[in-house]
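Comments concern the structure below.
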Amino acid sequence: MKIERLMKKAEELARRYEVKYYEIRIAKINATHLEIQNSHLEELSSNMEIGIGVRAFSGAWGFSSANDIRRAEKAIETAMKIAKLMKGSSKVYLDDPIKDRAEIKAKKSFMDVDLEEKLELVKTADKLLMDTGIVNRKVTYGDGLKWQFYFNSLGSEIETIIPRIRLSFSATAKKGNDMQSYWKIFGGTGGWEIIENIDLEHWTAFIKEKAKSLLNAELPPSGEFDVIMDPELAGVFIHEALGHASEGDAIKNGESILEGKLGEKIAVEELTVVDDPTLEGKFGSYIYDDEGIKARRVEIIKKGVLNEYLLDRETAAYLNMEPNGHGRAQSYNYQPLVRMSNTYIEPRDWSFEEMLSEVKRGLYLIGDKGGEVDIANGTFMFGAKEGYLIENGEIKAHIRDVALSGKILDVLRNIKAIGKDLRIEFPGYCGKGQWVPVDDGGPHVLTRALVGGLL
């Protein structure tokens, strides 16, 4: 079906069902996924999917989708019927129409790389992970080229093309009944050049040795300590503990400790926290969100002051603000929600050595091992991949199975130093009823928090 015909049909149906606003996304995704575990190929898939997602608004949203473009008109009509039946009283932000075509370009398209070469990549990484004492190996590769055409009742017509690629590998070491794992993830928006820039021999050797060394590491102490978070852990903390709390739907629903705090000082003056989907090459980057809003940099915290929430069209209207390009959907068959992109702490001027010298008794925690956060009550707990004790400014014993916890705002107010070594290279997928690609990071950060062991 031609898009022009579909646009005219949408206008006709909107008049029939008295729909105030509608938006339609037509997407085509080419994706490849490979997974190998202990030399056994667990998954090898390469597919193409085309579909349409429709949202209609008449005080409440109606949504419908179809994975067959021949059912596009039916999806449009269904969404508009639902919107009319819902009879809500919400508002949505309406802006001037945008007509644009935007593409994130790859230097070397992964679409031009044979499936055999991608398979050889994961096989090579798997072989490099083989070692005495390593009992489990896993390598995962994925790429996706997404073409999307967005149009709405305001007259916007936006075509975007985004290539995204990711490679991860992990190793598990065992001694007796004790097992420890370590892993590394690479990814970004771009092409095969991202893979070619990975030093496989270095990183596979690195995670093997880390996994084995953790078998001999000590268990952590418990209590309140000065803690240096490495860039990965600092990024995860700021994403999970602050980023989710700043999302407009959490504010609208009264589920965030940041509700009503815009303009208030909530952290040390040295702290600026940014969410920026326009960063070049990062895994969470995009040009327009899934509501046709141009992506832009948002300073969530600016010099310690809560400066801005992350907003989509509906939460912006509710708060009498403007959306800032953070309405994102996993795919055409999901409705957009307020989501993060690339979230990080802005660097300052401390070196790691200067930071270390400030700690008489504390811990240096490295990496992300998952955790949980309660943005309504403002508490969190995150595991670190590993850590080290610090005594009188010197790194001492290696520790494992360590967790960081506390109250979000207390940790932000207790920050003593922010490093100058910014890294935003920790790609992942953020879950919130659906999955979207994100990245996070920061420099090293010295704060004070509770530390204990992981069960």
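Residue 6 is where the sequence shown starts when you use our numbering, and the numbers rise one by one after that. Virtual Cβ for every residue (Gly too), placed ideally from N, Cα, C.
Pull up the distance between the alpha-carbon of residue i and that of residue j, whole angstroms please.
i, j, result
"K213", "L126", "18 Å"
"G159", "S63", "Going by the sequence as given, residue 159 is Leu instead of Gly. Spanning the two alpha carbons is a distance of roughly 14 Å."
"N182", "G138", "12 Å"
"D101", "K217", "58 Å"
"M116", "I34", "12 Å"
"E201", "D280", "28 Å"
"N347", "G289", "5 Å"
"D73", "A80", "10 Å"
"R333", "F230", "38 Å"
"R75", "D105", "26 Å"
"G433", "R21", "43 Å"
"T277", "L11", "45 Å"
"V343", "S161", "20 Å"
"P226", "G411", "16 Å"
"E17", "T165", "26 Å"
"L263", "D294", "24 Å"
"F174", "F211", "11 Å"
"A15", "G56", "16 Å"
"P282", "Y339", "20 Å"
"K189", "E48", "20 Å"
"N157", "S69", "15 Å"
Do residue i and residue j have their CB atoms nearer than 7 Å?
i, j, result
"V407", "A454", "no"
"Y146", "L39", "yes"
"I298", "G253", "no"
"L368", "L238", "no"
"A65", "V24", "no"
"G196", "S114", "yes"
"E275", "I423", "yes"
"Q185", "L224", "no"
Is the Cβ of residue i closer than 7 Å to any Cβ of chain D?
i, result
"L276", "The structure shown contains no chain D; it holds only a single protein chain."
When you compare each of the options to residue i by their alpha carbons, which one comes out closest?
i, options, result
"N397", "K412, E359, L370, P432", "E359"
"S251", "E275, H449, E304", "E304"
"T452", "R428, D379, N382, L361", "L361"
"M234", "I350, E274, I167", "I350"
"D373", "Y187, Y323, K270", "Y187"
"G67", "I55, D445, Y26", "Y26"
"E269", "L311, R405, D295", "L311"
"G93", "G447, E319, E198", "E319"
"D354", "P448, N419, A272, G330", "P448"
"D445", "E430, G438, K390", "E430"
"L134", "S44, I262, I167", "S44"
"I199", "A19, V441, R169, K128", "R169"
"K7", "L18, I31, P225", "I31"
"V232", "L394, P352, K401, L284", "L394"
"M326", "E313, I400, Q335", "E313"
"W440", "A246, L409, Q335, V450", "Q335"
"K132", "Q42, D426, E82, K266", "Q42"
Provide the residue span of the alpha helix (DSSP H) that contains residue i, from first to last.
i, result
"T83", "77-91"
"V97", "From DSSP, V97 is part of no alpha helix (DSSP H); its letter is neither H nor E."
"D131", "120-134"
"D415", "413-418"
"T320", "318-323"
With DSSP run on the structure shown, which of helix, strand or coil describes residue i?
i, result
"V364", "coil"
"V441", "strand"
"E296", "coil"
"P236", "helix"
"H249", "helix"
"V273", "coil"
"E16", "helix"
"L39", "strand"
"R142", "strand"
"Y187", "strand"
"D280", "strand"
"R10", "helix"
What first and last residue would you give for the beta strand (DSSP E) that runs through residue i?
i, result
"I109", "Note, I109: premise wrong, no beta strand (DSSP E); not H, not E."
"E304", "303-307"
"Y393", "391-396"
"S218", "Looking at the DSSP string, S218 is not in any beta strand (DSSP E); the run it does join, the alpha helix (DSSP H), is 205-219."
"E48", "45-62"
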